[in-house]
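Residue numbers (our numbering): 1371 to 1734.
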């Protein structure tokens, strides 16, 4: 059975655990260190731990950090349920009603007043950066924050996509045109139910390391070992494809961000539209890889982008590898088509990538 923590939170532009599992199995042995400096929802480090490898992950996106920390440093179910009970006992609805009324229109249209009051409270009190139980509670909340609530009781918002947060004005128009209203949900009850559902699958016995940081700074951390990684398995941002600050703005708000979509506030690499600056970022990735990967180790990259051919992706990756400060050789690469994209469901007619390239390199 698929481990239920893999699907802890729907996440746009993610690769499946089968991708990570394949390369972990082929390129590493139990006890080896596997790294992902663009960890997203934590698929690579979590799968590595499940397979008896050690894991190091990093991401500048707070949503990615929170989800990954919940998976690779998860507490026991009893600890999570006890924490949810503590939070519920300390919650006083009357203290949060004024805050509910002060929020922009979107929030009062997206959530039932009772639900929104509870979310505001959790947003304020959860210590997801430093407390393992709170990271798990926050991750469970992120997974339930928005979705197809008219089809499933597992989502808190009025009808929305589960992978991205649609823009406020668009959302309000959508709800008006279709008569959607927010469901009445008790957040604490839903969190406990979701925790028990996820914990049907076991967490790994090993614990991983995850850092909330720009990938360029990962090797500067004293806790990060030099040249010990047997393999990097990752997927950097694609050229001119998506912006996590815009697409994940509601989840970022729950973790303390502003109540609106932003651009380049969290990361300078959120969406590169120019090829020149994009390949500069890829070169920076290779500098970090050169520091982290052990001799005869490997780097596996899944990449795509608008206006890029498969050959152009491979040439760009190979060309940028010269800045790694190591001898890097291309071992193999292959292309997989994307006949049905995630964006088709909520952005009909949009033009995006139709293929992905998987490239494998050896570092001497």
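The C-beta atom is built at its ideal place from N, Cα and C for all residues, glycine as well.
Please read these numbers as outputs of a predicted model, since none were measured by experiment.
- When the alpha-carbon of residue 1486 is set against those of 1506, 1501, 1503 and 1514, the nearest one is in 1514.
- By DSSP's assignment, residue 1673 forms a beta bridge with 1727.
- Straight across, the Cα-Cα distance linking residue 1525 with residue 1518 is about 7 Å.
- For residue 1683, the enclosing alpha helix (DSSP H) starts and ends at 1680 to 1690.
- Here the alpha carbons of residue 1462 and residue 1642 stand approximately 44 Å from one another.
- The residues 1403, 1662 and 1664, in chain order, have a CB closer than 8 Å to that of residue 1598 in the same chain once the five nearest residues on each side in sequence are set aside.
- Secondary structure at residue 1659: helix, using DSSP grouped into helix, strand and coil.
- Between residue 1533 and residue 1381, the alpha-carbon positions lie close to 5 Å from each other.
- The three-state reading of DSSP puts residue 1422 in coil, since its state is none of H, G, I, E or B.
- At a Cβ-Cβ threshold of 8 Å, residue 1405 and residue 1419 do not count as neighbours.
- Taking a contact as a CB-CB distance under 8 Å, the pair residue 1458 and residue 1542 does not count as one, their CB atoms being some 30 Å apart.
- Taking each of 1567, 1612, 1415 and 1627 in turn and checking the Cα distance to residue 1639, the smallest one comes out for 1612.
- DSSP, reduced to helix, strand and coil, places residue 1546 within a helical segment of the structure shown.
- For residue 1436, there is no enclosing beta strand (DSSP E); the residue is part of the alpha helix (DSSP H) that begins and ends at 1432 to 1442.
- Distance from the Cα of residue 1450 is smallest, within the candidate group 1468, 1503, 1563 and 1432, for 1503.
- Inside the segment 1612 to 1648, DSSP marks whole alpha helix (DSSP H) runs of 4 or more residues at positions 1614 to 1617 and 1619 to 1624, from first to last along the chain.
- In terms of CA proximity to residue 1645, 1676 leads the group 1466, 1676, 1567 and 1493.
- Residue 1495 has its alpha-carbon roughly 36 Å from the corresponding atom of residue 1391.
- Between residue 1445 and the set 1572, 1696, 1581 and 1393, the nearest pair of CA atoms involves 1572.
- Between the segment 1581 to 1595 and the segment 1607 to 1627 there are fewer than three C-beta pairs closer than 8 Å, too few to call the two in contact.
- Per DSSP, residue 1693 is not a residue of any alpha helix (DSSP H), being assigned neither H nor E.
- Under the three-pair Cβ rule at 8 Å, the segment 1409 to 1427 counts as touching the segment 1558 to 1578.
- With respect to the 8 Å criterion, residue 1658 and residue 1407 are classified as neighbours on the basis of their beta carbons.
- The residue from 1389, 1631 and 1460 with its alpha-carbon nearest to that of residue 1671 is 1389.
- Under the criterion of beta carbons closer than 8 Å, residue 1509 and residue 1409 do not qualify as touching, at roughly 13 Å.
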